[in-house]
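The next block holds one structure in the form of structure tokens; read it before the comments.
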Amino acid sequence: MQIRADGLEAALKRVAPPLVGFSEPVRAEADTLKQFLRDHLYRHYQVMRMTEKARRIVRELFEAFLNEPRLLPADHLQRAGHDRPRAIADYVAGMTDRYAMKEHRRLFAVGEI
612 MQIRADGLEA
622 ALKRVAPPLV
632 GFSEPVRAEA
642 DTLKQFLRDH
652 LYRHYQVMRM
662 TEKARRIVRE
672 LFEAFLNEPR
682 LLPADHLQRA
692 GHDRPRAIAD
702 YVAGMTDRYA
712 MKEHRRLFAV
722 GEI
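Start counting at 1 in the sequence shown, then tack on 611, and there's your number in my numbering.
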């Protein structure tokens, strides 16, 4: 039987019913809580702003290193010779938030080195 990833949950439910689950009243409360968290925490405007800033920083770092690999530290520059996009992605993915922001400032802020 071949199952697409998006149909996996439905297929599993057809094969075997869940062994454990919430009662209907608790399920309704859990759904209400999830909706509240989605609206007031995960999609709060301040969270959305920070998420967009983080995306922009990661994208701009990746693009800068891809366009000019000599901006990379020597060990990553050497790795970039084999598979540049992968080496850059690994370098950026390994950065902490604080380090990524610092690198971004070094590359794009006037007066930073």
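We put the beta carbon where it would ideally sit given N, CA and C, even for glycine.
Could you give the residue range of the alpha helix (DSSP H) that holds residue i?
{"i": "P696", "result": "695 to 704"}
{"i": "V669", "result": "656 to 678"}
{"i": "V721", "result": "Careful: V721 lies outside any alpha helix (DSSP H) and carries neither H nor E."}
{"i": "V631", "result": "Neither: V631 is in no alpha helix (DSSP H) and is coded neither H nor E."}
{"i": "H651", "result": "No alpha helix (DSSP H) holds H651; DSSP gives it neither H nor E."}
{"i": "L683", "result": "Unbroken run through L683: none, as it is neither H nor E."}
Rounded to the nearest angstrom, what separates residue i and residue j at their Cα positions?
{"i": "G618", "j": "K624", "result": "10 Å"}
{"i": "V631", "j": "H715", "result": "48 Å"}
{"i": "V721", "j": "Y656", "result": "29 Å"}
{"i": "L677", "j": "T662", "result": "22 Å"}
{"i": "F647", "j": "R654", "result": "10 Å"}
{"i": "H588", "j": "M659", "result": "Limits of the chain in this structure are 612 at one end and 724 at the other, which puts residue 588 out of reach."}
{"i": "D708", "j": "R649", "result": "23 Å"}
{"i": "K713", "j": "M706", "result": "10 Å"}
{"i": "P696", "j": "E671", "result": "13 Å"}
Residues in the same chain with beta-carbon distance under 7 Å from residue i, minus the five sequence neighbours each way, listed in chain order, please.
{"i": "F633", "result": "A641"}
{"i": "H687", "result": "A698, Y702"}
{"i": "K664", "result": "none"}
For residue i, which residues of its own chain have a beta-carbon under 8 Å away from its beta-carbon, when the five flanking residues on both sides are left out?
{"i": "A700", "result": "F673"}
{"i": "T685", "result": "Note that residue 685 is Ala in the sequence shown here, rather than Thr. None."}
Thinking residue i and residue j are a contact (beta carbons under 8 Å), I'd like their distance in whole angstroms, please.
{"i": "A691", "j": "L682", "result": "Actually they do not touch by this definition, with Cβ atoms about 10 Å apart."}
{"i": "A711", "j": "I668", "result": "6 Å"}
{"i": "A675", "j": "L718", "result": "5 Å"}
Looking only at its own chain, which residues have a Cβ that is under 6 Å from the Cβ of residue i, when we skip the five neighbours before and after it?
{"i": "R666", "result": "none"}
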